[in-house]
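Just so you know, we're using my numbering here: the sequence shown kicks off at 640 and counts up by one. Positions of the beta carbon are idealized from the N, C-alpha and C atoms, including for glycine.
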Amino acid sequence: MTPVSDASNDQNPATTPDASSDVPVPFEETIDLEYYRLDPSIDDLSDEIDDLRVEIDRLDAIILAAIKRRTAVSKKVGATRMASGGPRLVHSREVKVIDRFAVLGQEGHTLAMLLLRLGRGPLGR
Numbered sequence: 640m641t642p643v644s645d646a647s648n649d650q651n652p653a654t655t656p657d658a659s660s661d662v663p664v665p666f667e668e669t670i671d672l673e674y675y676r677l678d679p680s681i682d683d684l685s686d687e688i689d690d691l692r693v694e695i696d697r698l699d700a701i702i703l704a705a706i707k708r709r710t711a712v713s714k715k716v717g718a719t720r721m722a723s724g725g726p727r728l729v730h731s732r733e734v735k736v737i738d739r740f741a742v743l744g745q746e747g748h749t750l751a752m753l754l755l756r757l758g759r760g761p762l763g764r
């Protein structure tokens, strides 16, 4: 799915998905939910179950694409770090990822651990 674009998003590289910068941007500021038509409000959604399921399917496609991309990027980070003599993983970085997902409660912790595992493989290998 191609994100919906408008002039304001085109002018702000911090809100575009391929933005890159030498200055880290806080996680909360890196995604413009409106750009991806991901308004957290559900007031404008239909009350029809079939329409709601279509929206869930759309969101699942976005989530799966993001997970695949995240996994590939994470594997590249690990390979690059190890090729330069660094450790396989950086514990403090993983803790930050887990903390980020804490807003979802215990399920957020589980989700973060699954994402980390997808990116680096299980520990002990």
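Judged by beta-carbon spacing, G758 lies beyond the 8 Å limit of T719, meaning their Cβ atoms are not closer than that value. Under the criterion of beta carbons closer than 8 Å, S685 and L677 do not qualify as touching, at roughly 17 Å.
Excluding sequence positions up to five before and after G717, its CB lies within less than 8 Å of the CB of R727, L728, G758, R759, all in the same chain and listed in chain order.
Straight across, the Cα-Cα distance linking D671 with S680 is about 14 Å. By the C-beta criterion, the stretch 693 to 707 is judged not to be in contact with the stretch 735 to 748, since fewer than 3 inter-stretch pairs fall below 8 Å.
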